[in-house]
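Only one structure is covered here, and it is reproduced in the block below.
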Amino acid sequence: MIQKNALAKVLRTLATTIESMADEDVALLLAGKGKLTFIPSEKPKNVHVEPSIDHAVLMTRLNDCRDRDEARQVLLSVATKDALMSLAKGQKLYIAKNDRREDIENKIIEFVIGAKLRTEAIQTLSLTGGGNQADG
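Under the numbering used here, the first residue of the sequence shown carries the number 35, and numbering increases by one thereafter.
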């Protein structure tokens with residue numbers, strides 16, 4: 035059934051094409067002195083669209099945040115889930131197609147703020163292992 039529908043669609047397209055041709059071209063085609071050629075129409079390629087938000091500015095604002103709540107407030111300024119996905123993918127974060135906006139926000143926040151907090155925690159640890167011991 036699918037093949038019949040596809041064939042019927044091709045024949046309708048062919049008929050429309052022949053009807054739009056000049057009479058002289060149709061005469062040449064019928065006389066065997068011309069031919070029809072299929073040229074696929076070009077599909078629009080994935081044109082890189084400039085993001086509606088400036089990722090560099092947004093990442094700078096996120097890096098200036100001191101905690102996760104402050105970073106969440108910055109991310110609320112991003113209007114759409116697609117813009118958030120673009121930001122996350124720009125940072126090489128894995129985003130699944132079915133991730134909710136909140137999940138994407140959490141991944142970005144953990145990437146930026148979580149890394150900063152972990153670094154600060156490591157830097158405050160005593161390298162000798164005795165953080166609470168008295169000297170002496």
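Note that CB positions come from ideal geometry on N, CA and C, so glycine has one too. All of these numbers come straight from a predicted model, not from anything done at the bench.
Span of the alpha helix (DSSP H) around residue i
i: glycine 124; result: 115-124
i: arginine 106; result: 102-109
i: valine 91; result: 89-98
Neighbour flag for residue i against chain B, beta carbons, 8 angstroms
i: alanine 40; result: Of the protein chains in this structure there is only one, and it is not chain B.
Distance, residue j Cα to residue i Cα
i: serine 54; j: lysine 69; result: 15 angstroms
i: valine 83; j: lysine 131; result: Since pLDDT at valine 83 reaches only 49, below the 50 mark, its modelled position is unreliable, and no value is offered.
i: asparagine 39; j: aspartate 133; result: 38 angstroms
i: valine 91; j: isoleucine 52; result: 56 angstroms
i: arginine 102; j: isoleucine 138; result: 14 angstroms
i: threonine 158; j: leucine 151; result: 11 angstroms
i: alanine 61; j: glutamate 76; result: 29 angstroms
i: isoleucine 142; j: threonine 153; result: 17 angstroms
i: leucine 45; j: alanine 56; result: 19 angstroms
Check your understanding: What are the start and end residues of each continuous beta strand (DSSP E) run of 3 or more residues lying completely inside the segment 43-71, in chain order?
Key -> If we require 3 residues or more, the segment 43-71 turns out to have no beta strand (DSSP E) run fully inside it.
Review point. Counting Cβ pairs closer than 8 angstroms, one from the segment 133-147 and one from the segment 96-103, do we hit at least three?
Key: Yes, they touch.
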